[in-house]
Amino acid sequence: MSPLQLCLLFSSALFCIGLIGALARSNTILVLLGIELMLNAANINFIAFWRFSPSPSPATGVLFVIFSIAVAAAEAAVGLALVIAVYRHQKNIRLQEAARLKG
Amino acid sequence: MNAVLIAIALVTLGAAAVAMTLRNLIHSALLLIASWAGVAAFYLWAGAEFVAFAEVLVYVGAVSMVVLFAVLLTRRSRDDLTVASDSARRAFSGFITGGAVCGVLFGAVIASPMGVMSSPTPTVTVRQIGTQLMGTHAASLLIVGVILTVALLGAIVIASADRKDNSEDTP
Numbered sequence: 002m003s004p005l006q007l008c009l010l011f012s013s014a015l016f017c018i019g020l021i022g023a024l025a026r027s028n029t030i031l032v033l034l035g036i037e038l039m040l041n042a043a044n045i046n047f048i049a050f051w052r053f054s055p056s057p058s059p060a061t062g063v064l065f066v067i068f069s070i071a072v073a074a075a076e077a078a079v080g081l082a083l084v085i086a087v088y089r090h091q092k093n094i095r096l097q098e099a100a101r102l103k104g
Numbered sequence: 448m449n450a451v452l453i454a455i456a457l458v459t460l461g462a463a464a465v466a467m468t469l470r471n472l473i474h475s476a477l478l479l480i481a482s483w484a485g486v487a488a489f490y491l492w493a494g495a496e497f498v499a500f501a502e503v504l505v506y507v508g509a510v511s512m513v514v515l516f517a518v519l520l521t522r523r524s525r526d527d528l529t530v531a532s533d534s535a536r537r538a539f540s541g542f543i544t545g546g547a548v549c550g551v552l553f554g555a556v557i558a559s560p561m562g563v564m565s566s567p568t569p570t571v572t573v574r575q576i577g578t579q580l581m582g583t584h585a586a587s588l589l590i591v592g593v594i595l596t597v598a599l600l601g602a603i604v605i606a607s608a609d610r611k612d613n614s615e616d617t618p
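In structure tokens, the structure reads:
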């Protein structure tokens, strides 16, 4: 098995762990962490393809991952702020109980 | 070379999987820090040192602290750090969905012909990355900066306490 396939299997497994966490848990923070794991798996794919395939310009994959990490950091900050806002209204961060749009 | 990759993958996946099943949120967050450190080790293994250090700074340093703060700010009492166990039906359906996606992805990866390409390791120096960021990708860099600023301002506005609501809420 080539190293590229191993990397892709690694990232697929990490993606699925994040997906299962995001679907199966009902705590909002854990759902957000599952989404972060899925984003990390995508970044692993970028780096794997950058490393094991010939590319016209040598820094493309690295730059892609840097931008992706920046956007993921913004997403995490906004998501956790939303968690705190939901907690202030509902005194609870279970997903099932945050079913109202009006606070 | 493959053995190192498999070791890194096992540590990362194990930490992530255990973190997603624990009931104590603090333990979950700490295990996820280990998982992110494993991802950074993978980047080092692949030769992308700059990305590895960015991962350590952003995830192991910043995102984990934000997560720990969110856990501490949203608990109901001083000792309440565990979450109630989730319904078995929800866990079961999540597991079925994730397992199906996992099967499809694994099948696709194993079935696709990816021969061993003898391409040399691409070497990227930090100087090259900086030149590219400031030259070819200057527009993207500016856009990412604007996105980060707007997102963090939005996070502060969303999470900041509304004074009037608070005084009404407190008995």
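Taken in order, these protein sequences are the chains called A and B. Using our numbering, read the first sequence as starting at 2 and increasing by one per residue. Using our numbering, read the second sequence as starting at 448 and increasing by one per residue. Even glycine gets a Cβ: it sits at the ideal position worked out from N, Cα and C.
Contact with chain B by residue i, beta-carbon distance below 8 Å
i: Glu37(A); result: yes
i: Phe50(A); result: no
i: Leu102(A); result: no
i: Asn28(A); result: yes
i: Val66(A); result: yes
i: Ala75(A); result: yes
i: Asn41(A); result: yes
Cβ neighbour criterion (16 or more within 10 Å) applied to residue i
i: Met512(B); result: exposed
i: Gln579(B); result: buried
i: Phe516(B); result: exposed
i: Val551(B); result: exposed
i: Ala23(A); result: buried
i: Ser475(B); result: buried
i: Val498(B); result: buried
i: Asn471(B); result: exposed
i: Asn449(B); result: exposed
Inter-residue Cα distance where the pair is residue i and residue j
i: Leu479(B); j: Met467(B); result: 9 Å
i: Ile557(B); j: Val548(B); result: 14 Å
i: Ala25(A); j: Ala43(A); result: 21 Å
i: Arg89(A); j: Ser587(B); result: 36 Å
i: Ala74(A); j: Phe539(B); result: 30 Å
i: Leu457(B); j: Ser12(A); result: 11 Å
i: Val505(B); j: Ser534(B); result: 33 Å
i: Ala100(A); j: Leu83(A); result: 14 Å
i: Ala509(B); j: Gln575(B); result: 26 Å
i: Val486(B); j: Ser58(A); result: 24 Å
i: Ile473(B); j: Val518(B); result: 7 Å
i: Ser27(A); j: Ile605(B); result: 22 Å
i: Thr529(B); j: Arg537(B); result: 18 Å
i: Val72(A); j: Val591(B); result: 7 Å
i: Ser607(B); j: Arg523(B); result: 19 Å
i: Ile453(B); j: Thr596(B); result: 38 Å
i: Leu31(A); j: Val571(B); result: 35 Å
i: Thr61(A); j: Glu98(A); result: 44 Å
i: Gly554(B); j: Met561(B); result: 13 Å
i: Phe542(B); j: Gly35(A); result: 13 Å
i: Leu600(B); j: Tyr490(B); result: 31 Å
Minimum Cβ-Cβ distance from residue i to chain A less than 8 Å
i: Ser524(B); result: no
i: Ile605(B); result: yes
i: Phe553(B); result: yes
i: Val503(B); result: no
i: Met438(B); result: Because chain B spans 448 through 618 in this model, residue 438(B) falls outside it and cannot be assessed.
i: His474(B); result: no
i: Met512(B); result: no
Residue i: first and last residue of the uninterrupted alpha helix (DSSP H) it sits in
i: Ser475(B); result: Leu472 to Ala493
i: Asn449(B); result: Asn449 to Thr468
i: Glu37(A); result: Thr29 to Phe53
i: Arg537(B); result: Ala535 to Ala558
i: Gly601(B); result: Ala585 to Ala606
i: Pro569(B); result: Premise fails: Pro569(B) is in no alpha helix (DSSP H) and is neither H nor E.
i: Ala83(A); result: The question names Ala, but residue 83(A) is Leu in the sequence shown. Per DSSP, Leu83(A) belongs to the alpha helix (DSSP H) from Thr61 to Gln91.
i: Ile18(A); result: Pro4 to Ala25
Check: residue i C-beta below 7 Å from any heavy atom of the ligand NAD
i: Leu478(B); result: Of the ligands one can find in the structure shown there are none, so the ligand NAD has no counterpart to examine.
Stretch-stretch touch, CB-based, cutoff 8 Å, three pairs: the segment 453–464 of chain B with the segment 15–33 of chain A = In the pairwise beta carbon analysis, the segment 453–464 of chain B is classified as touching the segment 15–33 of chain A: at least three pairs are separated by under 8 Å.
task = Answer yes if the segment 37–51 of chain A comes into contact with the segment 2–16 of chain A, meaning at least three C-beta pairs across the two stretches below 8 Å, and no otherwise.
result = With contact defined as three or more Cβ pairs closer than 8 Å, the segment 2–16 of chain A and the segment 37–51 of chain A are in contact.
request  = State whether the segment 87–101 of chain A contacts the segment 485–503 of chain B, with contact taken as three or more CB pairs (one from each stretch) at a distance under 8 Å.
outcome  = Contact between the segment 87–101 of chain A and the segment 485–503 of chain B is not established, with fewer than three Cβ pairs separated by less than 8 Å.
request  = Specify whether the segment 570–584 of chain B and the segment 60–79 of chain A touch according to this definition: at least 3 beta carbon pairs, one from each stretch, less than 8 Å apart.
outcome  = Using a Cβ-Cβ distance cut-off of 8 Å, the segment 570–584 of chain B and the segment 60–79 of chain A are in contact, since at least three pairs of beta carbons, one from each stretch, lie closer than that value.
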